[in-house]
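Peer 1: Residue numbers (my numbering), protein chains in the order written: chain A, 8 to 238; chain B, 825 to 1333.
Take a look at the following structure, please.
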């Protein structure tokens, strides 16, 4: 099985060794870096599908590395972290990570997360089913994954694109949290409300003219989210 | 200055000598007055001698010169001397200058008028002069008081950054206001700082004045004890002796002391808060470092063991599989120990803040069950948490920690085939969550101890566990202002219950 190219960034040599040995055995091509600075350089020079990034590193910490990688790349970032408090998880996702896993983790769990990150949605609607959006100064170009709001353009990451596509294929309908999580992240997910909260916020920042007063991506309290598509 | 001089002997002698010392001081006063009266009479006599013997003047001139002498006496002396001198001058004026000379009778009626005009003028002039003198003296005293208060306020404001403490305030009052005795009682700390001679009962009187918020005067030793108030609340009391301060000046002095004490106490509070904040930060940093240092090696061990065990079909020999399983389980145990210890330290050390939000009880229970998924796989779990229970306002993460610790306990202390039940219901304005196992139950004598840190039941010492779970659960419930309790009887299992506050109506996610 050939999964893809993975970069493991962690200051602990034993963890790097363990990750390289096990991930290679599962068919991935693995490279590693000892620090945030080194990892950032590596991401700029080569193409990776997934970055496994340790949170707690000397020098440039994991959070800052995550921000810098995200500012220049759409690569999937999975954070490896010791702290499992919700605030910390939200901060991690806010910094641009796609997912996180708490240390010490089991290898099957990490593999499942990598698979989920790499998997394109099987139920991803085809382009023809999507309602493209050109309204109120907002234009979403689904082929290039670019969003233009009032003249300024931003690019969506793969996960953001998947989430938006799912919304656009079911406009004006309240979609439950669990349904969104399982459709976009995979069947192992369902209770990670903080993922949705952070990703919906990220999408709002990119597609809403005013992200604090969303007109497209609206919250239906306790039920889920709804994409309001002007008729 | 001699602080805290307990002059008990001198006090005793002062008390014994009280009548004598009182009479001796009045004797001195009387003799001084006698001397001054004599001096003024002598001046009148001298004027009379000069005018009658040395220079010959008429009655009018003599009257004016007597008036000048009276004014001089009034300026230098008091009302008594000038009044006595006025009467003496009137008699001399009559005897030596008004005809018939050499007698105290007056022939011409107009001379009666002159004589009484002279007496009235000299008495009025003496009174005016004395009053003016008193005013001047008062003005000088007020100025001196203001100067003292100003230098005291300067001294109190310019004390070092930590602010003036009670001892420094006493020193500054003694230096600037020159009271022989100064004693300050601070109610909050109960301390008394004194300078000068202190009588033994002064401390009791200071406390009494502060408690009753009343002014106490001790005339016998010339001490005045006044309460120090701040915003109407007595915060201490101040005793001063031998002072010449007016009531207004004393009031200002008390205000200065009150402000000084308040400043000192505010400064101390700020310092304490800063120290507490720094120690909290240090503790938090230390805990993070420990968590990281322990969990990093555990991560590589766990990655290896789980990968080896996950292989399907396994290439390991049966005994290798068993050995790796032991390593894997021990890793979990060590990891849980570190997590529990850090949780407990954080919660006990107060380095966490409640992140209160509105949640449905069912989602809290589901979240906890999901965290425990791998451990619950083969255990029958009966869940009766209705979806339509009202939402509660809690820190979801912490409540899930409580549920996972209770589940963990139930798993450990009941046989694998026996179901665990989780139920919830509404009681008053709370949602009560109950978690029941069908284990051996907890003996009555141990029930009060199960929430204590590191407590392990007599029969359960062989089981894996850290003895911290229930203690963490109790601390979390306490932080929410809620209860956790146990109902258990031997052979019927145990039921742990805790209450969650229902969120106010209208609150949404």
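Cβ coordinates follow ideal geometry from the N, Cα and C atoms, glycine included.
These figures come from a predicted structure and were not determined experimentally.
1) Give the secondary structure of residue 65 of chain A by DSSP, where H, G and I count as helix, E and B as strand, and everything else as coil.
2) Could you please give me the residues that DSSP links to residue 1320 of chain B through a beta bridge?
3) For residue 113 of chain A, go through chain B and note every residue whose CB falls closer than 7 Å to its CB, in chain order.
4) Considering only residues of the segment 1183–1218 of chain B, which uninterrupted alpha helix (DSSP H) runs meet the minimum length of 4 residues and lie entirely inside it, listed in chain order?
5) Label residue 217 of chain A either buried or exposed according to how many other C-beta atoms from any shown protein chain fall within 10 Å of its C-beta, with 16 as the threshold for buried.
6) Give me the residue from A:50, A:215, A:30, A:41 with the minimum Cα distance to residue 143 of chain A.
7) Quick check on residue 1293 of chain B - is its C-beta less than 9 Å from some C-beta in chain A?
8) Which of the three DSSP states, helix, strand or coil, is assigned to residue 1038 of chain B?
9) Which chain A residues sit within Cβ distance under 7 Å of residue 1191 of chain B?
10) If contacts are defined as beta-carbon pairs under 8 Å, then residue 912 of chain B and residue 981 of chain B qualify, I think. What distance do you get, rounded to the angstrom?
11) Going by beta-carbon coordinates alone, are residue 1088 of chain B and residue 973 of chain B separated by less than 9 Å?
12) Return the chain-ordered ranges of every beta strand (DSSP E) run that is complete within the segment 1220–1252 of chain B and spans a minimum of 3 residues.
13) What does the alpha-carbon distance come out to for the pair residue 942 of chain B and residue 891 of chain B?
14) Going by alpha carbons, who is nearest to residue 922 of chain B out of B:1017, B:1261, B:939?
15) Quick check on DSSP: helix, strand or coil for residue 231 of chain A?
16) How many whole angstroms separate the CB atoms of residue 85 of chain A and residue 120 of chain A, which I take to be in contact at a CB cut-off of 8 Å?
17) Taking Cβ to Cβ, would you say residue 1070 of chain B is nearer than 9 Å to residue 1008 of chain B?
18) According to the neighbour-count rule (16 or more other Cβ atoms, all chains shown, within 10 Å of its Cβ), is residue 229 of chain A buried or exposed?
19) Can residue 1220 of chain B and residue 1166 of chain B be called in contact, C-beta distance under 9 Å?
20) Please list, in chain order, the chain B residues whose beta carbon lies closer than 7 Å to that of residue 25 of chain A.
21) In its own chain, which residues sit with a C-beta less than 7 Å from the C-beta of residue 916 of chain B, not counting the 5 before and 5 after it?
22) Could you tell me whether the Cβ of residue 1327 of chain B comes closer than 9 Å to any Cβ of chain A?
23) So residue 56 of chain A and residue 164 of chain A are in contact, right, with Cβ under 8 Å, and what is the actual spacing, rounded?
24) Is the CB of residue 225 of chain A under 9 Å away from at least one CB in chain B?
25) In angstroms with no decimal places, state the Cα-to-Cα distance between residue 919 of chain B and residue 883 of chain B.
26) Under 9 Å, do residue 64 of chain A and residue 79 of chain A count as touching if we go by C-beta distance?
27) Buried or exposed: residue 833 of chain B, going by 16 or more other Cβ atoms within 10 Å of its Cβ?
28) What is the residue span of the alpha helix (DSSP H) that residue 52 of chain A lies within?
29) Within 8 Å, do at least three Cβ pairs link the segment 107–126 of chain A to the segment 175–188 of chain A?
30) Compare the C-beta of residue 241 of chain A with all C-beta atoms of chain B and state if any pair is closer than 9 Å.
31) Which term fits residue 1024 of chain B, buried or exposed, when burial requires 16 or more other beta carbons within 10 angstroms of its beta carbon?
32) Within 9 Å (strictly less), CB to CB, does residue 63 of chain A reach chain B?
33) With 16 other CB atoms within 10 Å as the buried threshold, where does residue 853 of chain B fall?
34) Cutting at 7 Å between CB atoms, please list the residues of its own chain near residue 1129 of chain B, excluding the five before and the five after it.
35) Under a CB-based cut-off of 9 Å, is residue 1116 of chain B close to chain A?
36) Expressed to the nearest angstrom, what Euclidean distance is found between the alpha-carbon atoms of residue 1103 of chain B and residue 1158 of chain B?
Peer 2: A quick look at the data gives this:
1) coil
2) B:1259, B:1310
3) 1126, 1130
4) 1185–1195, 1197–1200
5) With fewer than 16 other CB atoms across the displayed protein chains lying within 10 angstroms of its CB, residue 217 of chain A is exposed.
6) A:215
7) no
8) coil
9) 198
10) That pair is no contact at about 56 Å.
11) Their beta carbons are not under 9 Å apart, which means residue 1088 of chain B does not touch residue 973 of chain B by this criterion.
12) 1244–1251
13) 8 Å
14) B:939
15) In the structure shown, residue 231 of chain A falls within a strand segment according to DSSP collapsed to helix, strand and coil.
16) The Cβ separation is near 6 Å, so the contact holds.
17) Going by C-beta atoms, residue 1070 of chain B is not nearer than 9 Å to residue 1008 of chain B.
18) exposed
19) no
20) 1124, 1127, 1128
21) 868, 872
22) no
23) 13 Å between Cβ atoms; not a contact.
24) no
25) 11 Å
26) no
27) Any reading at residue 833 of chain B must be qualified, since the residue scores a pLDDT of 32, below 50, and its modelled position is unreliable; no value is offered.
28) Where residue 52 of chain A is concerned, the enclosing alpha helix (DSSP H) stretches over 43–52.
29) no
30) Since the first residue shown for chain A is 8 and the last is 238, residue 241 of chain A is missing from the structure and cannot be characterised.
31) exposed
32) Answer yes: the Cβ-Cβ gap between residue 63 of chain A and chain B drops below 9 Å somewhere.
33) exposed
34) 1148, 1151, 1152, 1155
35) For residue 1116 of chain B, the answer is yes, since a Cβ of chain A falls inside 9 Å of its Cβ.
36) 27 Å
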